[in-house]
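*Asks:*
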Amino acid sequence: MKKVLIQIDSNKIPSSFDTITALDSGVDQILPYGGVIPGEVRDIVYGAMFTRGESELKNSAIFIGGSNVSVGEILLKEAVESFFGTTRVSVMMDANGCNTTAAAAVRKILSCGNIRSKKVTVLGGTGPVGMRAAALLAKEGASVTITSRKHDKLKDTCGTIENRFNVKVTPAVVNGAEETEYIISDSYVVISCGAAGVTMLSEAGWKKFPAIKVLADVNAVPLLGIEGTKSHWSAKEKEGKIIFGALGIGALKMKVHRECVSNLFDQNDLVLDAEGIYKVASRLN
Amino acid sequence: MKKVLIQIDSNKIPSSFDTITALDSGVDQILPYGGVIPGEVRDIVYGAMFTRGESELKNSAIFIGGSNVSVGEILLKEAVESFFGTTRVSVMMDANGCNTTAAAAVRKILSCGNIRSKKVTVLGGTGPVGMRAAALLAKEGASVTITSRKHDKLKDTCGTIENRFNVKVTPAVVNGAEETEYIISDSYVVISCGAAGVTMLSEAGWKKFPAIKVLADVNAVPLLGIEGTKSHWSAKEKEGKIIFGALGIGALKMKVHRECVSNLFDQNDLVLDAEGIYKVASRLN
Amino acid sequence: MKKVLIQIDSNKIPSSFDTITALDSGVDQILPYGGVIPGEVRDIVYGAMFTRGESELKNSAIFIGGSNVSVGEILLKEAVESFFGTTRVSVMMDANGCNTTAAAAVRKILSCGNIRSKKVTVLGGTGPVGMRAAALLAKEGASVTITSRKHDKLKDTCGTIENRFNVKVTPAVVNGAEETEYIISDSYVVISCGAAGVTMLSEAGWKKFPAIKVLADVNAVPLLGIEGTKSHWSAKEKEGKIIFGALGIGALKMKVHRECVSNLFDQNDLVLDAEGIYKVASRLN
Numbered sequence: 001m002k003k004v005l006i007q008i009d010s011n012k013i014p015s016s017f018d019t020i021t022a023l024d025s026g027v028d029q030i031l032p033y034g035g036v037i038p039g040e041v042r043d044i045v046y047g048a049m050f051t052r053g054e055s056e057l058k059n060s061a062i063f064i065g066g067s068n069v070s071v072g073e074i075l076l077k078e079a080v081e082s083f084f085g086t087t088r089v090s091v092m093m094d095a096n097g098c099n100t101t102a103a104a105a106v107r108k109i110l111s112c113g114n115i116r117s118k119k120v121t122v123l124g125g126t127g128p129v130g131m132r133a134a135a136l137l138a139k140e141g142a143s144v145t146i147t148s149r150k151h152d153k154l155k156d157t158c159g160t161i162e163n164r165f166n167v168k169v170t171p172a173v174v175n176g177a178e179e180t181e182y183i184i185s186d187s188y189v190v191i192s193c194g195a196a197g198v199t200m201l202s203e204a205g206w207k208k209f210p211a212i213k214v215l216a217d218v219n220a221v222p223l224l225g226i227e228g229t230k231s232h233w234s235a236k237e238k239e240g241k242i243i244f245g246a247l248g249i250g251a252l253k254m255k256v257h258r259e260c261v262s263n264l265f266d267q268n269d270l271v272l273d274a275e276g277i278y279k280v281a282s283r284l285n
Numbered sequence: 286m287k288k289v290l291i292q293i294d295s296n297k298i299p300s301s302f303d304t305i306t307a308l309d310s311g312v313d314q315i316l317p318y319g320g321v322i323p324g325e326v327r328d329i330v331y332g333a334m335f336t337r338g339e340s341e342l343k344n345s346a347i348f349i350g351g352s353n354v355s356v357g358e359i360l361l362k363e364a365v366e367s368f369f370g371t372t373r374v375s376v377m378m379d380a381n382g383c384n385t386t387a388a389a390a391v392r393k394i395l396s397c398g399n400i401r402s403k404k405v406t407v408l409g410g411t412g413p414v415g416m417r418a419a420a421l422l423a424k425e426g427a428s429v430t431i432t433s434r435k436h437d438k439l440k441d442t443c444g445t446i447e448n449r450f451n452v453k454v455t456p457a458v459v460n461g462a463e464e465t466e467y468i469i470s471d472s473y474v475v476i477s478c479g480a481a482g483v484t485m486l487s488e489a490g491w492k493k494f495p496a497i498k499v500l501a502d503v504n505a506v507p508l509l510g511i512e513g514t515k516s517h518w519s520a521k522e523k524e525g526k527i528i529f530g531a532l533g534i535g536a537l538k539m540k541v542h543r544e545c546v547s548n549l550f551d552q553n554d555l556v557l558d559a560e561g562i563y564k565v566a567s568r569l570n
Numbered sequence: 571m572k573k574v575l576i577q578i579d580s581n582k583i584p585s586s587f588d589t590i591t592a593l594d595s596g597v598d599q600i601l602p603y604g605g606v607i608p609g610e611v612r613d614i615v616y617g618a619m620f621t622r623g624e625s626e627l628k629n630s631a632i633f634i635g636g637s638n639v640s641v642g643e644i645l646l647k648e649a650v651e652s653f654f655g656t657t658r659v660s661v662m663m664d665a666n667g668c669n670t671t672a673a674a675a676v677r678k679i680l681s682c683g684n685i686r687s688k689k690v691t692v693l694g695g696t697g698p699v700g701m702r703a704a705a706l707l708a709k710e711g712a713s714v715t716i717t718s719r720k721h722d723k724l725k726d727t728c729g730t731i732e733n734r735f736n737v738k739v740t741p742a743v744v745n746g747a748e749e750t751e752y753i754i755s756d757s758y759v760v761i762s763c764g765a766a767g768v769t770m771l772s773e774a775g776w777k778k779f780p781a782i783k784v785l786a787d788v789n790a791v792p793l794l795g796i797e798g799t800k801s802h803w804s805a806k807e808k809e810g811k812i813i814f815g816a817l818g819i820g821a822l823k824m825k826v827h828r829e830c831v832s833n834l835f836d837q838n839d840l841v842l843d844a845e846g847i848y849k850v851a852s853r854l855n
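Chains as they are written, first to last, in the numbering used here: chain A, 1 to 285; chain B, 286 to 570; chain C, 571 to 855.
1) Quick check for students: name the residue ranges of the alpha helix (DSSP H) that lie wholly in the stretch 492 to 556 of chain B, counting only runs of 4 or more.
2) Between Ile64(A) and Thr100(A), what straight-line distance do the alpha-carbon atoms span, to the nearest angstrom?
3) Report yes or no: is there a C-beta of chain B within less than 8 Å of the C-beta of Ser832(C)?
4) Could you work out which residues of chain B lie near Ile583(C), taking near to mean beta carbons separated by less than 9 Å?
5) Quick one: residues in its chain with C-beta nearer than 6 Å to the C-beta of Gly815(C), no 5 flanking neighbours on either side, listed in chain order?
6) Answer with yes or no whether the minimum CB distance from Ile6(A) to chain B is below 8 Å.
7) Can you find a CB in chain C that lies within less than 8 Å of the CB of Phe348(B)?
8) Compare the Cα-Cα distances from Cys763(C) to each of Phe735(C), Val743(C), Asn789(C) and Thr621(C) and report the closest residue.
9) Take the Cβ of Phe369(B) as the centre, count every other Cβ of all protein chains shown within 10 Å, and call the residue buried at 16 or more, exposed below.
10) Kindly list the residues whose CB is nearer than 7 Å to the CB of Glu524(B), restricted to its own chain and excluding five residues on each side of it in sequence; keep chain order.
11) Return the chain-ordered ranges of every alpha helix (DSSP H) run that is complete within the stretch 431 to 493 of chain B and spans a minimum of 4 residues.
12) State the CB to CB distance for the pair Met1(A) and Asp309(B), rounded to an integer number of angstroms; the pair is presumed to be in contact (CB under 8 Å).
13) If you draw a straight line from the alpha carbon of Asp43(A) to that of Val69(A), how long is it in whole angstroms?
14) From which residue to which residue does the beta strand (DSSP E) around Lys119(A) run?
15) So is Ser310(B) in contact with chain A if we call contact Cβ pairs under 8 Å?
16) Just the C-alpha distance for Val106(A) and Lys139(A), rounded to the nearest angstrom, thanks.
17) Smallest Cα separation from Gly746(C): which of Leu693(C), Val597(C), Ser630(C) and Gly609(C)?
18) Could you give the first and the last residue of the continuous alpha helix (DSSP H) run that contains Pro698(C)?
19) Can you tell me the Cα-Cα spacing of Lys688(C) and Asp313(B), whole angstroms?
20) Using the beta-carbon count (16 or more within 10 Å), is His151(A) buried or exposed?
21) In chain C, which residues lie with their C-beta within 8 Å of the C-beta of Met286(B)?
22) Given a cut-off of 8 Å on the beta-carbon distance, is the pair Gly561(B) and Ser585(C) in contact?
23) So, at 6 Å on beta carbons, what are the nonlocal neighbours of Lys236(A) in its own chain, with the 5 sequence-adjacent residues on each side left out?
24) Which stretch, first to last residue, makes up the alpha helix (DSSP H) that contains Ile679(C)?
25) If we call anything under 8 Å between Cβ atoms a contact, is Leu439(B) one with Ile431(B)?
26) Under 6 Å Cβ to Cβ from Ile796(C), same chain only, skipping five residues before and after it: list those, please.
27) Can you give the Cα-Cα distance for Val831(C) and Pro507(B), rounded to whole angstroms?
28) At least one CB of chain B closer than 8 Å to the CB of Phe50(A): is that the case?
29) Please list, in chain order, all residues of the same chain as Ala781(C) whose beta carbon is under 6 Å from its beta carbon, the five residues on each side excluded.
30) Grouping DSSP H, G and I as helix and E and B as strand, with all else coil, what is Thr591(C)?
31) Closer than 7 Å by beta-carbon distance: list the chain C residues that pair up with Ser16(A), in chain order.
32) Cβ of Ser718(C) within 8 Å of Cβ of Thr696(C)?
33) Verify whether the separation of the beta carbon atoms of Ser111(A) and Val89(A) is less than 8 Å.
34) Would you be able to state if there are at least three C-beta pairs under 8 Å between the stretch 266 to 273 of chain A and the stretch 28 to 38 of chain A?
35) Since Ser303(A) meets chain B, which of its residues come closer than 7 Å, beta carbon to beta carbon?
36) Which partner residues does Leu398(B) have in the DSSP bridge list?
If you want it as structure tokens, here you go:
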């Protein structure tokens, strides 16, 4: 029986990245649905629930993507609420790669040493990956600060993280380089999660603080988020810091993504969101 | 050469149920098209007609779905009229599962004994499955009554059935339990084809009539159409009746659906609508 | 690793013709995207660039179709500009079958003898196939005239051909049979590329000119473009002319189309537009 993955995407064009990665994870057939709104999820999920016998349900699974993580969470909720009893299939939510990328970045950071009670700053922490990374770092015991230029969005993000993950993170509004540097000056780790192509931190800006031991950047599209780094670096040492670029993190992200998709087909009742995906990343790195 | 099934669906999101069932029927590649309007059918069908040589045309076929049966019939007509001469491919129409579900339900009912000249009542007989079931039961010689609350829709439905299947069925407008019970009181078979989640007949309502020998319900989503039954029942005896629930019928429905899709690839000129699908069901049960 | 072809189509319904032909070209998985606008190309292409390692990039490729050739060229440009460095995948553009059909038609014409410095008339030369055929014939040294009823479109087309292919073609506005016959009277080759189902040239109109040696018609849908011919003819002799119908050309077109798709997966940096596809056709016929 073919392993079928239903790809539910809130974007008009369902992510080709997610489709190809699924095919490389051992899925036999992927069914991509684009522009899906919450009210359409139930019928799509019923198609997975009612086409195969109970003992074969683990051969069907659902992946929820799209560039909007909040919408992704709503679609995930709709999917899970469509199940009844043991008539269910496994589901993974990774809108915008938020969970797999954040999990990989955090595992890479942890590979450099313990972060418990240490200060970690997430630059551009209100985006999809930033929010997830901040939450996972806080759950590992770090004292996490997230920065943004926008006060309201920052406040919302901290509230969302607290509600969803039951951890506290500190908001820091920053306007310009000087304020950013003030925040990171005593950080042990700085991770840059801003928009693709936008420099979040200058080279001079990170070189001058000896407290910083680890730098990570999830943006692969030039300009990089952290100036003076290379996207393919993985634990590269420079100026006394250990540095991870987006592709350096990306290799683990791809491994985690594929392993998670593959795991969906081991059982019919797995739900993989941030926590579950992070567990898989922990096993792999 | 890969067996390719083109899935034409009038709904925006093409049915994942139909896609997965096709994959489980031996199709190598399914091409689902959603939101298809009649004027778009011809070009899609040309793609099946002109890509493979005449001797290989049986490796391409078309499935027409969507939740609206009338639109499904129009799409089927468009597809068939696109063919010329022997340059054609096989086509199956099963919008909303109308044909496979009705065929399976009728075969299950017939497995309990002859229905020739006996009274059969189809509750909610104006829906996709109800119309098809009423027509097939009438063609088997039963005296069929279909019920609905809406006079106009009932009249239209009876006209449509007569035109399409060349059989007569009796309309019965029912408002509330009392009128429904009056209609079924002397029925040999009662089949419930109303909307999902809506109770069409109370347990007390069917228990009191000794004339009723067979009960069937095509609705699997609670509340069931016939109260006091279970959706997984298949020829279960209770209170002197033989009862079929939606999942009891569904096992045969899936078998019929898969066999029909599989048959499309045996030749390049099969057209499977209600009658052809019923023939397949008759062979299987 | 599966060979994945991304099919980018500007039409709402992505061409089933292109999808099935890709499957028959050895592609393992095709991902059809319909209704794609230029601004959506980059993200789709990134999905091909960033999911597989550099050494495996040749297992992903892109096909650009749709019925509008100008839009196809824009989508091709968007795709190619998304690449950076060696991180790229192969791409083929064949909107409306313009390149494969024109290449096959021209190769069939050349199989009848040299056309250098000979007059060739392209009837309906402003359409997708006509423009491509005119350009390829001119590049082979023929003296090409294209006809149309519309002066402005004709002027635009000649300009486009000159800019894109660096060859000159002669425009001829024709209103009715008499003017068409005047233009073809001294042509060595006449190729009809008008709209499907429209007769461009009557039988009497071509029989009377002994100068004409080769006739070709790319329209397979009755009425044919050149009256008194059959679409399955391939180098059929009649009245002293060698005649090719659309299906006669179509067999080579299909071979070229499949070979081109297959070639995409031999390397990760092939770009197949008119010239590259014509080269493949030249190898095959």
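Ideal Cβ positions, reconstructed from N, Cα and C, are used throughout, including at glycine. Please read these numbers as outputs of a predicted model, since none were measured by experiment.
*Replies:* Result, derived from the coordinates:
1) 531 to 549
2) 13 Å
3) Cβ-Cβ to chain B under 8 Å: no for Ser832(C).
4) Tyr318, Gly320, Val321, Glu325, Asp328 and Ile329
5) Closer than 6 Å at Cβ, skipping near neighbours: Asp787, Thr799, Lys800, Ser801, His802 and Trp803.
6) Yes, contact with chain B.
7) no
8) Restricting attention to Phe735(C), Val743(C), Asn789(C) and Thr621(C), the CA atom closest to the CA of Cys763(C) is found in Asn789(C).
9) exposed
10) Lys492
11) 436 to 450, 462 to 469 and 488 to 492
12) 7 Å
13) 22 Å
14) Lys119 to Leu123
15) no
16) Their Cα atoms are separated by approximately 11 Å.
17) Ranking Leu693(C), Val597(C), Ser630(C) and Gly609(C) by Cα distance to Gly746(C) puts Leu693(C) first.
18) Pro698 to Lys709
19) 49 Å
20) His151(A) comes out exposed.
21) Asp594
22) no
23) Ile243
24) Start and end: Cys668 to Leu680.
25) yes
26) Ser762, Leu771, Leu785 and Asp787
27) Linking Val831(C) to Pro507(B) through their CA atoms gives a straight-line distance of about 50 Å.
28) yes
29) Take Ala781(C), set aside five residues on each side of it, and the residues of its chain with a beta-carbon closer than 6 Å to its own are Asp756, in chain order.
30) helix
31) Ile576, Leu601, Ile614, Gly617 and Ala618
32) Yes, Cβ-Cβ distance for Ser718(C) and Thr696(C) is below 8 Å.
33) no
34) no
35) Because residue 303(A) is not part of the residues shown, which for chain A are 1 to 285, the question remains open.
36) This sequence places Gly at residue 398(B); Leu is not what is there. Answer is none; Gly398(B) lacks a bridge partner.
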